[in-house]
Amino acid sequence: MNPFPIVLSLRHRQRVTLIFFVALITFAVALGVAITTQERAVRQGSARAADKFDLVVGAPGSPFDLVLASVYARPTSMGLVPAEDLARLMAEPEADMVAPIGFGDSIEGFPLMGTTAQFVSHLSGDLAEGQIFAHEDELVIGANVPLKVGDIVHAAHDALDSEEHLHEGSLTIVGRMARTQSAWDNAVVAPIEQVWESHGLLNGHAPTEEAHEEAAEDASDDHDAEAHNDHAAPVGPPFDPAYLAGVPAVVVKSANVPAAYGLRTAYRTSSTQAVFPAEILVQLYAVLGDARAIMSFLALATQVLVVAAILSGVMVILQLFRTRFAVLRALGASRGYVFLVAWSYVAMLIAAGALAGLVLGVLASYGVSRFLELRSGIAIPVSLAWQDVQFVLALILVGAAMAVIPAVGVFRQPVVDGLN
Amino acid sequence: MLTVSGLLHRFDTADANARAAVHIPELSVPAGRFVVITGPSGSGKTTLLYLLSGLLRPSQGSIAWSGQDIVPMHEGQRDDWRRRHAGFVFQNFNLIEEMTAYQNVTVAAYFSAFSDRQVRGKARQLLAQLGVPDEKRQISSYSRGEQQRIALARALVFDPPILFADEPTASLDITNSKGLAEQFQVLSRAGKSVIVVSHDPVVIGAADSVIRLDHGRLVALSSEAVA
Ligand SMILES: Nc1ncnc2c1ncn2[C@@H]1O[C@H](COP(=O)(O)OP(=O)(O)OP(=O)(O)O)[C@@H](O)[C@H]1O
Ligand SMILES: [Mg+2]
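Protein chains in written order, with the UniProt record's numbering: chain A, 1 to 420; chain P, 1 to 227.
This is the structure we're talking about:
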């Protein structure tokens with residue numbers, strides 16, 4: 001018994017209605033697939049973006065704000081880690097890297113983040129272009145920032161920054177970071193000294209510039225690339241503990257995992273909080289996880305409802321085929337055969353819509369990811385999980401089960417009724 | 001050989017006094033005969049054809065083909081019997097528009113034990129014999145006469161001993177009607193029982209026997225059929 005030639009012959013009838021039905025299922029499924037894949041992609045992307053931020057120390061307050069400001073380059077007004085705590089952190093033997101993070105003004109709408117050359121190379125490895133900043137009036141830009149190396153820019157001053165200092169806000173872009181797949185791809189990075197000074201704070205170095213000339217080369221960059229502003233001092237560690245200022249966040253990379261836990265404990269004090277961004281994200285995802293389960297359920301329920309609604313339409317279409325089924329019966333086809341034809345017809349309709357929906361959903365998810373990536377800099381990697389496929393298979397299975405209903409109608413229809 | 005006895009069919013089974021659509025106490029037709037069932041509209045011709053072909057189960061009576069009573073059979077058994085023994089031709093052809101002439105002729109191969117290969121040669125031969133161009137084109141592009149001959153080829157492809165037809169010439173012109181009636185004669189001479197419902201004089205004139213129905217009852221019988 002081969003029902004397919006007959007099933008295929010039926011597909012030409014009521015074409016517009018059939019396309020409409022398939023499209024409805026396609027969109028319902030695509031929506032579900034897009035939601036679940038996108039939720040996972042955002043989760044994975046945001047977690048990956050936090051990879052390089054082992055431990056973040058900030059002033060007491062919301063750990064979410066701290067993570068948002070440092071990992072995702074979305075500064076909010078926050079308290080500062082006192083200079084003494086920063087100095088103490090920098091002296092920790094267990095810390096391989098201690099990077100102060102400060103927030104400056106925005107440059108062409110992109111956040112200006114102040115930090116050290118060491119942290120830039122921790123994030124990006126070798127630069128994609130140009131060189132690392134060596135002086136206070138130099139900047140490097142994230143991979144997505146639409147400016148060029150060599151451009152001279154002015155920091156947009158917020159109302160709060162009334163005090164004008166050394167540079168009148170004139171800064172030169174000297175390098176571009178390699179893509180980091182993180183929010184820092186959409187940031188402009190300056191030496192922390194620049195940020196400190198623009199806020200009218202100490203800049204971490206004793207006033208005698210020459211004393212630091214050699215030490216500034218710590219960040220593995222080319223020494224005298226260009227002639228700069230003569231009175232621009234070299235930047236970067238070592239900092240002079242006596243001249244440090246407070247910072248809103250400090251990223252710490254420790255020698256090993258026990259050391260990281262040790263440091264976290266040590267900096268949970270009345271003046272500082274210490275958080276693992278990964279842990280904060282896990283808390284966030286736990287909340288999102290419930291939402292995802294509900295969304296997945298709602299998506300599947302919607303799909304089942306769409307399929308159910310379509311089945312009633314399919315019943316009407318099958319009524320139009322009753323003569324054809326009756327003729328087949330008259331020619332000797334069994335009730336089982338016409339049942340199989342009707343069932344395959346409906347099941348294939350649902351399966352076609354569901355599979356098209358899977359494809360469309362993934363494509364839509366890629367589209368949303370591209371959009372979010374452009375906006376945030378964070379890579380949002382869409383992946384199709386077995387779980388998504390299972391959802392679609394579940395719908396096909398439910399649809400196949402529901403397709404029995406119209407098929408039974410065809411099975412039970414007396415031959416003679418169809419011939420008249 | 002067809003033997004009918006005590007045949008009674010009522011569509012309204014609830015009302016025992018309702019008029020029977022068909023009521024034939026006794027009828028027998030030898031095999032290899034071209035029989036026409038005729039009578040006024042609503043007299044029960046189509047109903048009788050469906051009963052004889054096992055598409056409809058009578059309220060009472062027996063219908064035996066070569067001694068095999070098809071009335072007590074299950075629906076599945078009757079489907080099986082029909083597939084082996086009967087071919088069907090309808091007034092409006094009932095061809096599948098989306099298939100070629102050849103595919104229409106071999107359609108029953110999709111649900112029978114016969115393989116496509118077995119029926120292939122037979123199908124091509126029948127189409128050629130009936131003068132239908134065996135081409136890959138829309139069924140609707142064939143003339144009405146050709147369409148009915150495709151339907152006839154479909155009915156004959158498994159070489160059934162019985163051929164049923166309901167008003168097969170009703171939508172054909174006189175030439176095509178004559179051609180089809182001649183085909184029925186040829187088939188019955190070759191040993192097939194041909195049972196045709198018709199009020200077309202061309203068909204009636206070509207038949208071996210004519211059964212006339214009125215209000216579901218036999219009112220006249222020509223030739224060798226025995227009441
Ligand atoms: N499914 C049905 N349910 C109820 N009554 C029916 C059904 N089919 C036929 N009848 C009735 O049975 C009678 C015989 O119908 P049938 O179709 O056999 O007539 P017919 O002789 O073929 O007529 P025509 O020449 O118009 O085709 C009619 O009175 C008809 O209304
Ligand atoms: Mg009739």
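All C-beta atoms in this analysis are idealised placements derived from N, C-alpha and C, irrespective of residue type, glycine included.
Taking all protein chains shown into account, do 16 or more other C-beta atoms lie within 10 angstroms of the C-beta of A:A403, making it buried, or fewer, making it exposed? A:A403 counts as buried, since at least 16 other C-beta atoms from the protein chains shown sit within 10 angstroms of its C-beta.
If the cut is a Cβ gap below 7 Å, which residues of chain P does A:T323 touch? N94
Closer than 7 Å to ligand 2: residues, by C-beta to nearest heavy atom, in chain order: P:K45, P:T46, P:D166, P:E167, P:V197
Regarding P:G216 and ligand 1, is the C-beta to nearest heavy atom distance less than 8 Å? yes
Helix, strand or coil: how does DSSP classify P:F164 here? strand
Any residues in the region 333–353 of chain A with a beta carbon nearer than 7 Å to a beta carbon of chain P? Which ones, in chain order? Residues passing the 7 Å Cβ filter: A333, S334, R335, Y337.
From what residue to what residue does the alpha helix (DSSP H) around P:K192 run? Where P:K192 is concerned, there is no enclosing alpha helix (DSSP H), given that its DSSP letter is neither H nor E.
Among P:S28, P:P72, P:V107, P:V35, which residue has its Cα nearest to the Cα of A:V7? P:V107
Is A:M328 buried or exposed, if buried means 16 or more other CB atoms sit within 10 Å of its CB? Checking the sequence shown, residue 328 of chain A turns out to be Leu, not Met. Classification for A:L328: buried.
Select from the region 102–130 of chain P all residues with a C-beta closer than 8 Å to any C-beta belonging to chain A, and list them in chain order. Q103, V107, A108, Y110, F111, S112
Which bits of chain P does A:M295 rub up against, with CB to CB less than 7 Å? Within 7 Å Cβ-Cβ: nothing; A:M295 doesn't reach chain P, min ~42 Å.
Quick one: does the C-beta of A:V416 sit closer than 8 Å to a heavy atom of ligand 1? With a cutoff of 8 Å, A:V416 counts as near ligand 1, since its C-beta is closer than that to a heavy atom of the ligand.
What residues in its chain sit with their C-beta under 6 Å from that of P:A207, if we drop five residues either side in the sequence? The residues are F34, V36.
Against A:I6, what residues of chain P qualify as contacts under a CB-to-CB distance less than 7 Å, listed in chain order? What A:I6 touches in chain P: Y110.
Regarding residue 228 of chain P and ligand 1, is the C-beta to nearest heavy atom distance less than 8 Å? Residue 228 of chain P is absent from the model: chain P starts at 1 and stops at 227.
The alpha helix (DSSP H) enclosing A:E193, as first and last residue numbers: 192–198
Quick check on DSSP: helix, strand or coil for A:V71? coil
Does A:A407 come within less than 9 Å of chain P when only Cβ atoms are used? A:A407 does not count as touching chain P.
Contact between the region 185–195 of chain A and the region 122–142 of chain A: three or more CB pairs below 8 Å? yes
Can you find a C-beta in chain A that's less than 9 Å from the C-beta of P:E98? yes
Please find out if some non-hydrogen atom of ligand 1 comes closer than 8 Å to the beta-carbon of P:P200. Sequence inspection shows Asp at residue 200 of chain P; the Pro mentioned does not correspond to that position. Because no heavy atom of ligand 1 lies under 8 Å away, the Cβ of P:D200 does not count as near it: no.
Could you tell me which chain P residues have their CB closer than 8 Å to the CB of A:M1, listed as they occur along the chain? Y110, F111
Near P:S140, which residues of its chain fall below 7 Å by C-beta distance, leaving aside the five closest residues on each side in sequence? E97
Between the CA atoms of P:G131 and P:A220 - distance to the nearest angstrom: P:A220 and P:G131 have their C-alpha atoms spaced approximately 36 Å apart.
C-alpha distance - A:H167 paired with A:S121, whole-angstrom precision: Reliability of the predicted coordinates at A:H167 is poor, the pLDDT of 44 falling under 50, and the value obtained from them is presented with this limitation in mind. About 25 Å.
With DSSP as the reference, label A:D222 as helix, strand or coil. At A:D222 the pLDDT is 43, less than 50, meaning the model places this residue with poor confidence and gives no usable figure here.
To which residues does DSSP link A:A99 through a beta bridge? A:V251
Assuming A:L384 contacts A:T37 under a Cβ cut-off of 8 Å, what Cβ separation, rounded to an integer in Å, is found between them? 6 Å
Measure the alpha-carbon distance for A:E213 versus A:P241 and round it to whole angstroms. Its pLDDT being 48, under 50, A:E213 is placed unreliably in this model, and the coordinates cannot settle the point.
For P:Q85, three-class secondary structure by DSSP: The amino acid occupying residue 85 of chain P in the given sequence is His; Gln does not appear at that position. Looking at P:H85 - three-state DSSP - the assignment turns out to be helix.
Where A:V415 meets chain D, residues with beta-carbon distance less than 7 Å: Although the question refers to chain D, the structure presented lacks it and instead comprises the protein chains A and P.
Beta carbon of P:F164, beta carbon of P:S53: below 9 Å? yes
Any C-beta of chain A under 9 Å from that of P:D80: yes
Helix, strand or coil for A:M90? Go by DSSP, reduced to three states. helix
When every heavy atom of ligand 1 is checked, does at least one fall within less than 8 Å of the C-beta of residue 421 of chain A? In the structure displayed, chain A extends from 1 to 420; residue 421 of chain A sits before or after that span and is not available.
Between P:D3 and chain A, is the shortest Cβ-Cβ distance under 9 Å, so that the two count as touching? According to the sequence displayed, residue 3 of chain P carries Thr and not Asp. Any Cβ of chain A closer than 9 Å to the Cβ of P:T3 would place that residue at the interface, and such an atom is absent.
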